[in-house]
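A.B. asks:
Residue numbers (UniProt numbering), protein chains in the order written: chain D, 1 to 357; chain V, 1 to 357.
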């Protein structure tokens, strides 16, 4: 695998690049993409960068029926000095293999796929937007392609990487969102696929999202599938609570995703000397801390939004105003520091950024 | 919708039909397929029957990332008199809409899609195999197609119907299988997508299947995701137990699929005057009934295999031999009756079959 050459086919008609100030999330794609195939006989083979183009699959391809697929999300940033930075990309490669393991998808060579990703970014570096809050979103994903209707692991796959210049995940930038505590629907359960980054987790989340939006909430807070009492995630982000000076976040229990931003936030808090712990947190505990005035801030963490402060939590009709509905000082500091590290405005004491040369 | 005309494009190069005696499950597809598109503006539109062909999608199409998709499975049979029969197809159409509701996919017009399915079967009736245990498997499915990386319901979809001449799901025909009672992995949980026929349920089941196969078991028995005590399904089938003359099957609790074969078996048992009940069943109860000698038969039910007798159940190393590892008389009678009804060998007192004219 290490020795495989990446074949490159240049696109002849370059697309017009979008206005950096008006970027949405995930709607525009660059001129090229990376693609690589797998069969049981050949392993991963034919790595290539080609013009961004539709893919053609048999209608019986297993991805359409049994959903055997995994993905990742990370970003490339351009610094003021025109350097291109990635943020902890080796964590995404490692997590892709953890997801593969759960979904019975063959392992990738993490170093090779990262090399391919870097090569693609090099070719597309003019697509990285530079306006405040913008970046180039990177989506590696693997789909099962065998045309077969039996329920079994596919014998063939495609790994692809596509790139999308993006603005802030929330159009309004960092600002507090209203969250509905979900009691009916469940995102994942221990023994399920909650810790894997796979399509089914997102498909199953749409219904609760739809119901909560109708009630004026932008995301749901997921509780555990067993007791519906312990906090898991918010929307498709990890979640943190600042209570009486201490920051707490749900532990990695097998049903929540091990977020790269989550891990970075924990490291930053420790670096700053702010107490932080990973443990079980019940919704009752959050309500009690709200009632006794010790609940200071709530925020979600994820690659797309980085830090997403929570301004209101609705638990069975009980509305908790968090920090008067405003972005708390810790949320703001984490957002500023993380985005500054990511786009190279601040020195990186953690060696988290990787320069694409 | 009702008034839409189905455009037909005939295939010019007809494929060779397979030998009826050597058919596998779900590997060969017929000459034509049905396809229909959806956008928010147009609703479902452009219903058409076209030559079976690959489909082309943007790499950012949401099906590849967030798995918003549903499907159905049913069969067409050819009688000795060359009539073509479908088995309770209106139940599949209704269930497709139940799945759509859970997955935030727009409803279909059940009558219209059934009409389209029948039209397709008419065109492909020469593909229906006639050897013992064979049929034409019908796979309607809907995929989300919007090229967008935000987590939200897609604004565009494709509904397709493809057809596959199939032999018995198990190569050996009706014969008892060995089942492993799964304790680590979970298929679904209340509040999740267990009752919907959607890709994620099948993707999440592969790992347990892989582990159990390594130990010599062909399927797993799923327990509930909360207490890991109550029986849910076996592999991708519903499950029945005959204990001391009574037949019991797990009740429709929201996390198991409401199988058409399950419903038909319950109706048949009632028709025959055999006591049958739908209720919670714990694995302890099954073990106790095995120990005291009252456990007579176990079988799975599903469209693909119809009736699949269980010959051994392994619960944490405790091996229960069911009916001496042989197909029980009730399993055999249900298999014979159902397949006879389906292929028109026996009169149908339930009006379950629909003739395609």
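Here a beta-carbon is modelled for each residue, glycine too, at the ideal position from N, C-alpha and C.
DSSP three-state label for residue 289/D, please.
C.D. replies: Working through the first chain from its first residue, we reach residue 289/D at position 289. If DSSP states are grouped into helix, strand and coil, residue 289/D belongs with the helices.
A.B. asks: Given a cut-off of 8 Å on the beta-carbon distance, is the pair residue 309/V and residue 331/V in contact?
C.D. replies: Stepping through the second chain from its first residue, residue 309/V is reached at position 309. Stepping through the second chain from its first residue, residue 331/V is reached at position 331. For residue 309/V and residue 331/V, yes; Cβs fall inside 8 Å.
A.B. asks: Exposed or buried, residue 22/V, counting other C-beta atoms within 10 Å across all chains shown (16 or more means buried)?
C.D. replies: As a working note, residue 22/V is residue 22 in the second chain. Residue 22/V should be labelled exposed.
A.B. asks: Could you list which residues in chain V have their beta carbon closer than 9 Å to that of residue 89/D, in chain order?
C.D. replies: Numbered from 1 along the first chain, position 89 holds the residue referred to as residue 89/D. Near residue 89/D there are no residues of chain V at all, since even the closest Cβ is about 18 Å away, more than 9 Å.
A.B. asks: Within the continuous beta strand (DSSP E) that includes residue 234/D, where are the two ends?
C.D. replies: Within the first chain, numbered from 1, the residue matching residue 234/D stands at position 234. First-last of the beta strand (DSSP E) with residue 234/D: 231-234.
A.B. asks: Which whole-angstrom value describes the C-beta separation of residue 26/V and residue 164/V, a residue pair presumed to lie in contact below a C-beta threshold of 8 Å?
C.D. replies: Working through the second chain from its first residue, we reach residue 26/V at position 26. Working through the second chain from its first residue, we reach residue 164/V at position 164. Yes, they are in contact, since the Cβ atoms of residue 26/V and residue 164/V sit about 5 Å apart, within 8 Å.
A.B. asks: Could you say which of 17/D, 292/D, 350/D, 43/D lies nearest to residue 158/D if we only look at CA atoms?
C.D. replies: As a working mapping, residue 158/D is identified with position 158 in the first chain. It is 43/D.
A.B. asks: My output table needs one value for residue 251/D: the three-state DSSP class, helix, strand or coil.
C.D. replies: Position 251 of the first chain, counted from the start, is the residue given in the question as residue 251/D. Of the three classes helix, strand and coil, the one that applies to residue 251/D here is coil, per DSSP.
A.B. asks: Is it true that the CB of residue 254/D sits closer than 8 Å to the CB of residue 190/D?
C.D. replies: What you label residue 190/D is simply residue 190 of the first chain in a count that begins at 1. What you label residue 254/D is simply residue 254 of the first chain in a count that begins at 1. Cβ distance < 8 Å, so residue 190/D and residue 254/D count as in contact.
A.B. asks: For residue 112/V, name the three-state secondary structure that DSSP assigns.
C.D. replies: In the second chain, the residue the question calls residue 112/V occupies position 112. Of the three classes helix, strand and coil, the one that applies to residue 112/V here is helix, per DSSP.
A.B. asks: Please name the residue in 325/D, 14/D, 142/D, 87/D whose C-alpha comes closest to that of residue 160/D.
C.D. replies: For the purposes of this step, residue 160/D is taken as the residue at position 160 of the first chain. Nearest option by C-alpha distance: 142/D.
A.B. asks: Scan the segment 113-149 of chain V and note each continuous beta strand (DSSP E) run of 3 residues or more that stays entirely inside, going in chain order.
C.D. replies: As far as the segment 113-149 of chain V is concerned, its whole beta strand (DSSP E) runs of at least 3 residues are 135-144.
A.B. asks: Whether or not the segment 216-223 of chain D and the segment 176-195 of chain D are in contact is what I'm after, with contact meaning three or more pairs of Cβ atoms, one per stretch, closer than 8 Å; do they touch?
C.D. replies: As far as the Cβ criterion goes, the segment 176-195 of chain D touches the segment 216-223 of chain D, which means the pair count is three or higher.
A.B. asks: Listing by chain order, which chain V residues have their CB less than 7 Å from the CB of residue 191/D?
C.D. replies: As a working mapping, residue 191/D is identified with position 191 in the first chain. Chain V residues near residue 191/D: 184, 185, 186, 225.
A.B. asks: One question on the structure: do residue 70/D and residue 96/D come within less than 8 Å of each other, judged by their Cβ atoms?
C.D. replies: Translated into positions along the first chain, residue 70/D becomes position 70. Translated into positions along the first chain, residue 96/D becomes position 96. Result yes, Cβ atoms of residue 70/D and residue 96/D sit closer than 8 Å.
A.B. asks: For a minimum of 4 consecutive residues, which ranges assigned as the alpha helix (DSSP H) are wholly contained in the segment 46-109 of chain D?
C.D. replies: 63-66, 89-103
A.B. asks: Closer than 7 Å by beta-carbon distance: list the chain C residues that pair up with residue 29/D, in chain order.
C.D. replies: Of the protein chains in this structure, namely D and V, none is chain C.
A.B. asks: What does a CB cutoff of less than 8 Å around residue 110/V pick up in its chain, not counting 5 residues either side in sequence?
C.D. replies: Indexing the second chain from 1 puts residue 110/V at position 110. Same-chain partners within the cutoff: 90, 93, 94, 96, 97.
A.B. asks: Any Cβ of chain V within less than 8 Å of the Cβ of residue 130/D?
C.D. replies: For this step, residue 130/D is matched to residue 130 along the first chain. Taking Cβ atoms only, chain V never reaches closer than 8 Å to residue 130/D, which makes this a no.
A.B. asks: Listed in chain order, which residues of the segment 141-163 of chain V have Cβ atoms closer than 8 Å to some Cβ of chain D?
C.D. replies: 141, 143, 147, 148, 149, 150, 151, 152, 153, 160, 162
A.B. asks: According to DSSP, is residue 318/V part of a helix, a strand, or is it coil?
C.D. replies: Residue 318/V sits at position 318 when you count from the first residue of the second chain. Strand.
A.B. asks: Within the same chain, show all residues whose beta-carbon is closer than 6 Å to that of residue 123/D, passing over the 5 residues directly before and after it, in chain order.
C.D. replies: Here residue 123/D refers to the residue found at position 123 when the first chain is read from its first residue. Around residue 123/D: 32.
A.B. asks: Would you mind telling me which residues of chain V sit closer than 7 Å to residue 54/D, beta carbon to beta carbon, in chain order?
C.D. replies: Residue mapping note: residue 54/D aligns to position 54 of the first chain, counting from 1. Near residue 54/D (Cβ distances below 7 Å), the residues of chain V are 56, 57, 58.
A.B. asks: Compare the C-alpha of residue 13/D against each of 52/D, 116/D, 268/D, 307/D and name the closest.
C.D. replies: Taking the first residue of the first chain as position 1, residue 13/D is located at position 13. The option with the nearest alpha carbon to residue 13/D is 52/D.
A.B. asks: What does residue 139/V reach in chain D if we use C-beta pairs closer than 9 Å?
C.D. replies: Position 139 of the second chain holds residue 139/V. Neighbours of residue 139/V on chain D, chain order: 59, 60, 65, 149.
A.B. asks: Please tell me whether residue 258/D has its Cβ less than 8 Å away from any Cβ of chain V.
C.D. replies: As a working mapping, residue 258/D is identified with position 258 in the first chain. No, residue 258/D does not count as interfacial toward chain V.
A.B. asks: Does residue 21/V come out as helix, strand or coil in the three-state DSSP assignment?
C.D. replies: Within the second chain, residue 21/V is the residue found at index 21, counting from 1. Helix at residue 21/V.
A.B. asks: Compare the C-beta of residue 207/D with all C-beta atoms of chain V and state if any pair is closer than 8 Å.
C.D. replies: Against the first chain, residue 207/D aligns to sequence position 207. Cβ-Cβ to chain V under 8 Å: yes for residue 207/D.
A.B. asks: Against residue 364/V, what residues of chain D qualify as contacts under a CB-to-CB distance less than 8 Å, listed in chain order?
C.D. replies: Within the shown structure, residues of chain V are numbered from 1 to 357, placing residue 364/V beyond reach of any answer.
A.B. asks: Taking C-beta pairs closer than 8 Å, name the residues in chain V that residue 236/D reaches, listed in chain order.
C.D. replies: As a working mapping, residue 236/D is identified with position 236 in the first chain. In chain order: 151.
A.B. asks: Have a look at 148/V, 10/V, 196/V and flag the residue whose alpha-carbon is nearest the alpha-carbon of residue 119/V.
C.D. replies: For the purposes of this step, residue 119/V is identified with residue 119 of the second chain, where counting begins at 1. Of the listed residues, the one whose Cα sits closest to residue 119/V is 10/V.
A.B. asks: Reducing DSSP to helix, strand and coil, say where residue 176/V ends up.
C.D. replies: Numbered from 1 along the second chain, position 176 holds the residue referred to as residue 176/V. DSSP places residue 176/V in coil when its eight states are reduced to three.
A.B. asks: For residue 148/D, which residues in the same chain have their Cβ closer than 7 Å to its Cβ, ignoring the five residues on either side in sequence?
C.D. replies: Position 148 of the first chain, counted from the first residue, corresponds to residue 148/D. So the list reads 60, 62, once near-sequence residues are dropped.
A.B. asks: In chain D, which residues lie less than 8 Å from residue 25/V when you measure between Cβ atoms?
C.D. replies: Your numbering for residue 25/V matches position 25 in the second chain. Correct list: 149, 150.
A.B. asks: Write down every uninterrupted run of the beta strand (DSSP E) in the segment 293-350 of chain D whose length is 3 residues or greater and which is fully enclosed by it, in chain order.
C.D. replies: 295-302, 306-315, 318-321
A.B. asks: Compare the C-beta of residue 38/V against all C-beta atoms of chain D and say whether one is closer than 8 Å.
C.D. replies: Taking the first residue of the second chain as position 1, residue 38/V is located at position 38. Answer no: the Cβ-Cβ gap between residue 38/V and chain D never drops below 8 Å.
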